[in-house]
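Here's the structure we're looking at; comments come further down.
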Amino acid sequence: MSQTVNVKLNVNGAAAEIELEPRETLLDVVRERLGLTGAHAGCEQGSCGACTVLVDGELTRSCLIFAVQCEDKAITTIEHFGSPGALHPMMEAFRRHHGLQCGFCTPAMVLTAIAFLEESPHPTESEVRSALAGNLCRCTGYAGIVDAVLDVAGVAE
Amino acid sequence: MIGERTERREDARLTSGRGRYLADHDVPGLAHVAILRSTSAHAVIRGIDVSGATALPGVIAVVTQADLDRAGARPMTHRLPLLGVLPLEWGLLARDRARFVGEPIAAVVAATRSIAEDAMELIVIDEEQLPAVVDPFVALAPGAPLLYSEWGTNEFFRMTSLPPVLGDVLATAPYVKQFRLTDHRIAALPLEGHGVQAAPDPATGTLHVYASNQQPHQLRTVIAETCGLDEQSVRVVAPDMGGGFGNKQHFTREECLTAMLALITGRPVRWIQDRTEGLISSIHSREQVHDVTVGYDDSGKVLAYRVDVTANVGNPILYFSGIGPAIVTVGALEGGYDFGVVGFDLRCVATNTCPIGAYRGFGQPQAHFSSERTLDAIAVDLGLDPIDVRRRNLLPDGPRPWITGGGARIDVGPLGPHLDALVTEFGYGRWRDLQSEARADGRLVGIGVSALVQGTAPTQYGVAGRFGSYESAAVAVLPDGRVTVAVGTKSQGQGHETTLAQVAADVFGVGVDRVTVTDGDTAQLPYGMGTWGSRTAVMAGGAVLRAATQLREKMDRIAAGMQTASAEPPTFSEIAEEAWWQTHRLPADEEPGLQQTVVYTPGNTMPVPDEHGHMNFDETFAAHMTAVAVEVDPETGDVRVLDAVLVSDCGVVINPMVVEGQHQGGFAQGLGAVLFEEVRYDDDGQPLTSTLVDYTIPEAPDVPRLRVVQRETPSAVAGGFRGVGEASIIATPAVIAGAVADALAPLGVEITSTRLHAHYLRRAIRAAGYTPDASAFASR
Ligand code: FES
Ligand code: FES
């Protein structure tokens, strides 16, 4: 085993101190150490966006950042925003508009959409599409996803 | 209820990050697998030195094929009940020869994935490079390097059907055209890659397997065979799946290998395919070349149609067999048309590339691409409208089933009215006007149309495997009036927890929220057939409908004999309680309880020739008509879709929202296939597309909305359902190609390939003599 270090993170509002190898990515740590499996490994190469979490409020590809780089930072994952019994309005909108099929891209897509609307509350359809361009979905063809985001923004399709 | 836009029951967990995919099943003591793969396209493996890897702390086992042999692993084979396939057996790892880049050579089991990968790098392979062959025509030429020298050829399989009259009709047809059409290689690319986790239970001697696989029961069969176990000793569970699209339909070496590694190490182990493994060594699809000869008359009616298909099947070590899609191609050449006399000569060619296998559409996109390109070519040749040429060739509106020359029993509704609906809904006349205006302005606008009749709910028997056509469902009404449904299919995102609940709820007259559907678990049902081939609504829907109806009838009988305090009839749950608990009060001859297992087949498939030589591979057929308008930018070669309409007849629709979603998703994949995606190799067999940066799939700004118009012609199978999942991915490449060809016609560019990516079109436009306007380009 290589040498380990201790890293202090704040995850979904709770302090966490984790002993880990410096080469462990933030994605490895939230999934395997913290059991927050809503972030998914779609490529581990920074291309698909399925691993997206918030680091100090910024959308971040957790496969591209080492956990040791997140010392004292606030990590927010999809689990923070809702649960099956208490869905976030964006999650409900995805359900209403059939914005998901397999759901593998979905937590990251929802998280990206929530963060995007905080920045741009009244987007056009093409702004929504650009904002989601870094999150690949192989199933839906995106129409339902775009509709969901526009619906939450209160913008008519 | 059937026909309603019911919101999906799976979405609460999936949107909130609580889905449980393959990699979300940690158990204590779980070890991780990394697979060392060949970096050579063709090489003799003289030796494998694993000593360095074995010595690395944290490594549990390093395994080669020799170790698997010692542990009793059995080879995999096709077991295809089809004459003429050359014999082929393969180990779970390469034994002494690697035949494509990415072929698995050794496996490491370690405490963590990183250690397993570290150890992998310490394995030393002594190999001797051999010349590789990538192109199927080169592979067929004399003197080509042979993948399997014992065959004496790279032609793995050949199937020919050339009716004697074909040549005569072609010789006498007023017009004859010959051309070559090319379908390029792509990958299905589910966003979640393949994965498998296996854990032995020493107490019972059983093996518990999680696999991201579309056909869990068949995977159980194949794992049991390769690991030397009884079928009842293996349980396969397919958990939430991040897409499948056929790519997870096969039973792979890695799945069986991981099962063997669990047995060898005696501990739970997991292998998760990484993206590069997925792109280079999983399963590729579609690559075929069609040499078309068509004879037709003045009216555009096709009199004879011959397609010689050359299918690159890669290194064909894939079970079920990767020749399946090509066999479907030659069976689907006519689609929903009557082309008079039809013939084909199919050659499936082995090359030093990744195995070719299933991708949503399964051979039909290539057949459809050729039929639509052919009809468009005839329209251009005769100066006819492509809609009219299709009308002349579509199957007549009766009789049904329409029995084709080969015996397919086509049961779609009248096709003419669907085409009329397409013309109206798309605004075909208006688009032609807009096109004229655009052309007058020097803009390249084109219109494409496609008329697709698709076989759905097929049998695999003989085409791809040895598995027949049926599905199982177990339905129960519990004493509290809740309904459980278990099926042998497996949703990969299609929403079966909702749609199959709708079917049961409809029969019982209860809310969908009272029905719970489970799928993909071999412990729930003795056998099932999984989800692929646009089959689940037809097959599992039919099975659920049957089982629920039988229970409903039983409940009615029980209710008739029940006394209630008031005059009101007993409630649903009162009947359920009566059936399970007050058994002394049940009518004579009525068994206690409310549970019913049904193994259902519509019984329409006939995969071996009957007394007339007829074969039919599909339980029922669906009809889909598509039209698109595109604009091509002559400077960049970019294709922009201006409008797209699909008229969909998949029989009785269970959930229109889900059907629209299938169409929109298939449209995106079809668009990606022709505009963005291509698996490429260099001449030495080195893959050039190994990440999502090289293999690009459509993003949100790239995919316009497909307008879907639903029309319902109920089929004669249970529920009146027809399959729907593959329609738009079959239609889209053909219809986009038609539109691009129409757009580029003024430049004299011909479209004979599915490669419509900007760089290919740009090159073709330049080659046709078009010179870019530098000043216009600079002002962009
Ligand atoms: S897994 Fe991080 S971007 Fe794909
Ligand atoms: S829903 Fe499957 S990848 Fe987006």
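Protein sequences appear in the order of chains A and B. Going by the working numbering, the first residue of the first sequence is number 2, and it counts up by one from there. Going by the working numbering, the first residue of the second sequence is number 223, and it counts up by one from there. No residue lacks a Cβ here, since even glycine has one placed at the ideal position from N, Cα and C. As the structure is a computational prediction, the values presented were derived from the model and not from experiment.
DSSP places A956(B) outside any beta strand (DSSP E); the residue lies instead in the alpha helix (DSSP H), whose first and last residues are A949 to L966.
In terms of CA proximity to A132(A), V111(A) leads the group V111(A), R139(A) and T141(A). Per DSSP, reduced to three states, the secondary structure at V705(B) is strand. Annotated three-state conformation of Q419(B) is strand, per DSSP.
Not a single C-beta of chain B is nearer than 7 Å to the C-beta of C52(A).
Closer than 6 Å to some heavy atom of ligand 2: that describes the Cβ of Q102(A). For the region 448 to 475 of chain B, the beta-carbon criterion of a distance under 9 Å to any beta-carbon of chain A is satisfied by D462, M463, G464, G465, G466 and F467. Cβ-Cβ distances below 6 Å link C49(A) to G43 and L137 in the same chain, with the five nearest sequence neighbours on each side left out; the list follows chain order.
The alpha-carbon of A769(B) is positioned some 9 Å away from that of S694(B).
Listed as beta-bridge partners of D728(B) by DSSP are no residues whatsoever. Contact annotation: T596(B) and V511(B) have beta-carbon atoms that are not nearer than 7 Å.
In chain order, A42, G43, C44, E45, Q46, S48 and C49 make up the part of chain A whose C-beta sits under 9 Å from the C-beta of R497(B). By the criterion of a C-beta distance shorter than 8 Å, V360(B) is surrounded in its chain by A366, once the five residues flanking it on both sides are discounted. Contact between T474(B) and V255(B) does not hold, since the beta-carbon distance rounds to 13 Å and is not under 8 Å. The beta-bridge partner set that DSSP reports for P326(B) consists of R259(B).
Listed as beta-bridge partners of R242(B) by DSSP are no residues whatsoever. Contact annotation: V535(B) and I545(B) have beta-carbon atoms nearer than 7 Å. Using beta-carbon distances, R34(A) does not count as an interface residue toward chain B, since no partner is under 7 Å. Sorting R631(B), E719(B), I408(B) and T228(B) by C-alpha distance to the C-alpha of H836(B) places R631(B) at the top.
Nothing from the region 53 to 72 of chain A brings a Cβ to less than 8 Å from some Cβ of chain B.
C-alpha of A554(B) to C-alpha of T498(B): approximately 33 Å in a straight line. Excluding the 5 residues flanking it on each side, D423(B) has same chain C-beta neighbours closer than 8 Å at L429 and H430, in chain order. Annotation note: the region 523 to 564 of chain B contains the following uninterrupted beta strand (DSSP E) runs of length 3 or greater, listed N- to C-terminal: 524 to 536. A Cβ-Cβ separation of about 6 Å places V760(B) in contact with V939(B) under the 8 Å criterion. The continuous stretches of beta strand (DSSP E) do not include D778(B), which lies in the alpha helix (DSSP H) extending over residues T758 to A782. Taken in chain order, the unbroken stretches of alpha helix (DSSP H) that lie wholly in the region 26 to 100 of chain A and span 4 residues or more are 90 to 97.
Nearest Cα to A333(B) within the set A283(B), Q495(B) and E857(B): A283(B). Less than 7 Å divides the Cβ of V734(B) from the Cβ of Q724(B). Within the region 661 to 697 of chain B, the complete beta strand (DSSP E) segments at least 3 residues long are 666 to 680, listed from N- to C-terminus. The Cβ atoms of V707(B) and V697(B) lie closer than 7 Å to each other.
Taking a cut-off of 8 Å for Cβ pairs, the region 626 to 641 of chain B and the region 901 to 909 of chain B do not touch, as fewer than three such pairs fall below it. For Y982(B), there is no enclosing beta strand (DSSP E); the residue is found in the alpha helix (DSSP H) stretching over A980 to A989. As for any beta strand (DSSP E) of minimum length 3 sitting wholly inside the region 589 to 671 of chain B, there is none. Between L60(A) and A116(A), the C-beta spacing is below 7 Å. In its chain, beyond the 5 residues on either side, V459 have a beta carbon closer than 6 Å to the beta carbon of D743(B). Secondary structure of F473(B) (DSSP, three-state): strand.
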